[in-house]
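Undergrad: One point on numbering: in my numbering, the residue at position 359 of the sequence shown is 347, and numbering is uninterrupted.
Note that CB positions come from ideal geometry on N, CA and C, so glycine has one too.
Structure provided below as structure tokens; questions to follow.
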Amino acid sequence: MNIVLGVSGGIAAYKAVMVARLLAEEGHDVHIVPTEDALHFVGKPTWEAISRHPVTTSVHENVAEVRHVALGQQADLVIVAPATANTLAKMATGIADNLLGTTLLATQAPVLVAPAMHTQMWLHPATQANMATLRSRGVQVIGPDKGRLTGADSGPGRMSEPAEIVQRAIELLAAREAHGDLAGVRIVVSAGGTREPIDPVRYIGNRSSGRQGGALAQAAAARGATVTVLAANVEDAVLAEIADLPAVDIEQVGTAADLQEAVQRHADSADVIVMAAAVADYRVESVHDTKLRKEEASGPVLSLELVENPDILRGLVAARRPGQIIVGFAAETASDEDALLELGRSKLARKGVDLLAVNAVGWTQGFESTENTLYVLAAGGELVATASGTKREAADGLLDAIAGLPGRQKL
Ligand SMILES: Cc1cc2nc3c(=O)[nH]c(=O)nc-3n(C[C@H](O)[C@H](O)[C@H](O)COP(=O)(O)O)c2cc1C
């Protein structure tokens, strides 16, 4: 694959040498485009030797080759590592006063940036606003990590390790090769149902098998997305179907609190979050350390005090970064379709998600079945899709609605 590695002027430029080397070792053709400032940190001979291509910073060299557009047009992936505050600001506003800037504007390929800078520069509202702009355009971001910076300082701002950058690059290339409409998109899907312990052997749970969430993961991966499944007590047969998919990572969770912690940890790097798991609204206030014995109960009635769990979906919506899509699920028991949609609309109004997939559940419906019908409501309450059939077909219908949301360049 043809990879452009843009290098801007930060100390971490020396680590970009390893990024270039690892990519070349993977068999990729790497073209390095440093900024003038980057050459103060690592010189041209190093870049030329490692990439085996001539290296220029300016649009006025090798003009006959029209490098200022050709590099971007021919690229399968453009990486900027390290990405300085200055280069990120230029990218956000589309400034093209060097070869890296013109390449970035000329490319249709996925763009991955690895920011690196001092903590104060990273946290500055200007840098954060530029990052939000870039993310909303579909630019992929890796890091920065927390850790030791130049000198004695420590904090967020350290460039991700070369091996991690290369790993992410390989994922993006694999997704692009799959030519799916969700290529390069990172999706987090929660699946299954949470269980709230009463004591070491009992829990309050629900009948969700995780089939719909599993089908979403499969369908999204087939369309080129990289998927993280947060699996809450998902049936083994469902897990087995997705466990070997290279684009799917599975993390097991148990309770609503576990799910909240996991989804918050993954939210930052997700383009789309689909909360398909059935989450317990309440948990047992005081979980017994030992098995609750009948003999210890005070009579024929056992009372358990339940306390409300945090609203995970609302928390995600409140912390959502620009461009991120959040999709909720509502499983409702309703007498007919109108009543079902009414319940869905009222949940939608409470949660503030971009899309809500509403499905009917009952004693013989929804759970543990292989078929499903998802009524997809948009943020304004309008019904934008009815995705019906096998759970995989319903998943594809929902993903069509996600891919069709306005304002997303990359989806
Ligand atoms: C020793 C040194 C280290 C620097 N490290 C960084 C850095 O890690 N991140 C950053 O954003 N700027 C850093 N800078 C500042 C940039 O080099 C400066 O903003 C420059 O204009 C960036 O240009 P470029 O984005 O075109 O490469 C550093 C400057 C010096 C002198």
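1. Just how far apart, CA to CA, sit Gly242 and Ala337?
2. What's the C-alpha gap between Ala203 and Glu229?
3. Rounded to whole angstroms, what's the CA-CA distance from Lys282 to Leu290? Just pull it up for me.
4. Since Pro70 contacts Ala1 with CB under 8 Å, what's their CB separation in whole angstroms?
5. Going by beta carbon distance, what residues of the same chain come within less than 6 Å of Ile(-9), once the five residues before and after it are set aside?
6. Just to confirm, is the Cβ distance from Thr91 to Leu59 under 9 Å?
7. May I have the straight-line CA-CA distance separating Arg136 from Gly377, to the nearest angstrom?
8. Can at least three beta-carbon pairs, one atom from the region 163 to 181 and one from the region 20 to 36, be found at a separation below 8 Å?
9. To the nearest angstrom, report how far apart Lys134 and Ser357 are at their CA atoms.
10. Tell me the DSSP secondary structure of Ile230 in three-state form.
11. Distance, Cα to Cα, Gly251 vs Ser257?
12. Can you check the region 346 to 377 for any alpha helix (DSSP H) of at least 4 residues that lies completely inside it and give the ranges in chain order?
13. Would you mind reading off the limits of the alpha helix (DSSP H) that contains Glu330?
14. Going by the C-beta, is Pro70 closer than 8 Å to any heavy atom of ligand 1?
15. With a cut-off of 8 Å, do at least 3 Cβ pairs link the region 30 to 42 to the region 93 to 109?
16. Any chance the CB of Thr75 is under 8 Å from a heavy atom of ligand 1?
17. Taking CB distances under 9 Å as the criterion, tell me whether Leu301 reaches chain C.
18. Whole angstroms are fine: how far does the CA of Gly143 sit from the CA of Gly198?
19. On the DSSP bridge assignment, give the partners of Gln240 in chain order.
20. Taking the continuous beta strand (DSSP E) assigned at Asn(-10), which residues delimit it?
21. Tell me, please, which residues DSSP counts as bridged to Glu36.
22. Is Arg253 buried or exposed, if buried means 16 or more other CB atoms sit within 10 Å of its CB?
23. Which of the three DSSP states is assigned to Lys134 in this structure?
TA: Result, derived from the coordinates:
1. 28 Å
2. Using only the alpha carbons, I get a separation of about 9 Å.
3. 9 Å
4. 6 Å
5. Leu11, His16, Val18 and Leu65
6. yes
7. 53 Å
8. no
9. 45 Å
10. helix
11. Strictly speaking, residue 251 in this sequence is Val, with Gly absent from that position. So the alpha carbons of these two residues sit roughly 11 Å apart.
12. none
13. Glu325 to Lys339
14. It does: the Cβ of Pro70 is within 8 Å (strictly closer) of some heavy atom of ligand 1.
15. no
16. yes
17. The structure shown contains no chain C; it holds only a single protein chain.
18. CA-to-CA, the gap between Gly198 and Gly143 works out to about 39 Å.
19. Ala219
20. Asn(-10) to Val(-5)
21. According to DSSP, which records beta bridges pairwise, Glu36 is partnered with nothing at all.
22. Exposed is the call here.
23. strand
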